[in-house]
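**Student:** Chains as they are written, first to last, in numbering that gives the first Met the number 0: chain L, 0 to 154; chain U, 0 to 104.
All C-beta atoms in this analysis are idealised placements derived from N, C-alpha and C, irrespective of residue type, glycine included.
First, the structure itself, so that you have it in front of you.
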Amino acid sequence: MGDTIEKVSIIISKGSLEGIYPGLIMANGARAEGIEANLFFTFFGLDAIHAKRLDHIKVAAVGNPGMHMASLIGVLPGMSAIATRMMERKMEQFDIPGIPEFMEMIADTGCGMYACKASVDLFGFTKGDFIPQVQDIITVGEFYAKAAGGEIIFT
Amino acid sequence: MSVETIGGVELELNDEGFLTDPSQWNEDIAVELARREGIGPLTDRHWQIIRFMRSEYETKGSGPSVRMLGKTSGVPIKELYELFPKGPAKLAAKIAGIPKPRGCI
């Protein structure tokens, strides 16, 4: 390998909007550059591939200094939904796709998509709970085998 | 930056191999640039994308992203990656002689 990146494996471990998007953008961007890419979803990151949940991903309104808003306000009912709606409107302006469309698109670019077996077992999910683009539920050892020879990015 | 002669025309290429002057482009140059990227022979579907990149550049001043290509070129994203495996927007732009599209999505 020279001074170029040939392959990346990106782990998404968080289930908030701001926890999911960076990994998706990096995976999609890697494929756009012709870099081989894999996405590995673990813990709350599994919500990004959960068929019933990926369309309801929310911004964290509490405990998120980036919101520039007191957490006391963030706890009010509906604040997370309002913050999410504002963020989604902004993203639409900049032509960033919603998570369901983005997942479909990233799978079409040839990026691998995998769920973490330990987390799937922990939450009591099965493969049928996930969007069809998810290729497999794999162990951490299998993840390392797939990631071999490339960079690993944890988000 | 390098200067090369392709199809009898002296061309200036930037560090990533993109034409610095898109107006110098012609179809013979496209065939040679594609060959250098390991793509060829160019099919009608390749040409559809290459011509689409040119017309987008000529009307908008920049080439489209992969997502926009998938939405507007008439070729779906899966097939775009079959035609240009090492990055459809980037490679098609290079072969079409236009600057590399700079979007993040």
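#1: With a threshold of 7 Å between beta-carbons, can Lys93 (chain U) be considered close to chain L, or not?
#2: Show which residues of chain U have a CB atom less than 7 Å away from the CB atom of Asn27 (chain L).
#3: Taking the C-alpha atoms as reference points, what is the distance between Gln47 (chain U) and Lys89 (chain U)?
#4: Return the chain-ordered list of same chain residues with a C-beta closer than 7 Å to the C-beta of Val58 (chain L), the five sequence neighbours on each side being excluded.
#5: Answer yes if the stretch 46–60 of chain U comes into contact with the stretch 80–98 of chain U, meaning at least three C-beta pairs across the two stretches below 8 Å, and no otherwise.
#6: Name the two residues that bound the continuous alpha helix (DSSP H) containing Gly109 (chain L).
#7: Just to make sure I have the definition right: I need the residues of chain L whose C-beta is within less than 7 Å of the C-beta of Lys85 (chain U). Which are they?
#8: Any C-beta of chain U sitting closer than 7 Å to the C-beta of Met0 (chain L)?
#9: At which residue ranges does the stretch 18–44 of chain U contain complete alpha helix (DSSP H) runs of 4 or more residues, listed in the order of the chain?
#10: Going by DSSP in three states, Asp120 (chain L) sits in which element: helix, strand or coil?
#11: DSSP on Asp54 (chain L), reduced to helix/strand/coil?
#12: Could you give the DSSP three-state label for Glu5 (chain L): helix, strand or coil?
#13: Report yes if the C-beta distance between Arg66 (chain U) and Ile104 (chain U) is below 7 Å; otherwise report no.
#14: At 8 Å on the CB atoms, spell out the chain U contacts of Pro96 (chain L), in chain order.
#15: Mind pulling the chain U residues with CB within less than 9 Å of Gly148 (chain L)?
#16: Let's see if you can read the secondary structure: which residues bound the beta strand (DSSP E) around Thr71 (chain U)?
#17: Could you work out which residues of chain L lie near Tyr80 (chain U), taking near to mean beta carbons separated by less than 8 Å?
#18: Name the two residues that bound the continuous beta strand (DSSP E) containing Ala36 (chain L).
#19: Short of 8 Å in beta carbon distance, which residues of its chain neighbour Leu23 (chain L), apart from the five on each side in sequence? Order them along the chain.
**Tutor:** Reading from the atomic positions:
#1: Using beta-carbon distances, Lys93 (chain U) does not count as an interface residue toward chain L, since no partner is under 7 Å.
#2: Ile104
#3: 15 Å
#4: Ser15, Leu16, Glu17, Ser79, Ala82, Thr83, Met86
#5: yes
#6: Counting along the chain, Gly109 (chain L) falls outside any alpha helix (DSSP H), and DSSP gives it neither H nor E.
#7: Gly33
#8: The pLDDT assigned to Met0 (chain L) is 48, lower than 50, so where the model puts this residue is not dependable, and the model offers no usable value.
#9: 26–35
#10: helix
#11: helix
#12: Glu5 (chain L) falls in the coil class under three-state DSSP.
#13: yes
#14: Arg66, Ile104
#15: Per Cβ cutoff of 9 Å: no residues; Gly148 (chain L) is ~17 Å from chain U at best.
#16: Where Thr71 (chain U) is concerned, there is no enclosing beta strand (DSSP E), although the alpha helix (DSSP H) it sits in stretches over 65–71.
#17: Residues of chain L passing the Cβ test: Arg30, Asp107, Thr108, Gly109.
#18: 35–40
#19: Here the set comprises Ile11, Leu38, Ala47, Ile98, Phe101, Met102, Ile105.
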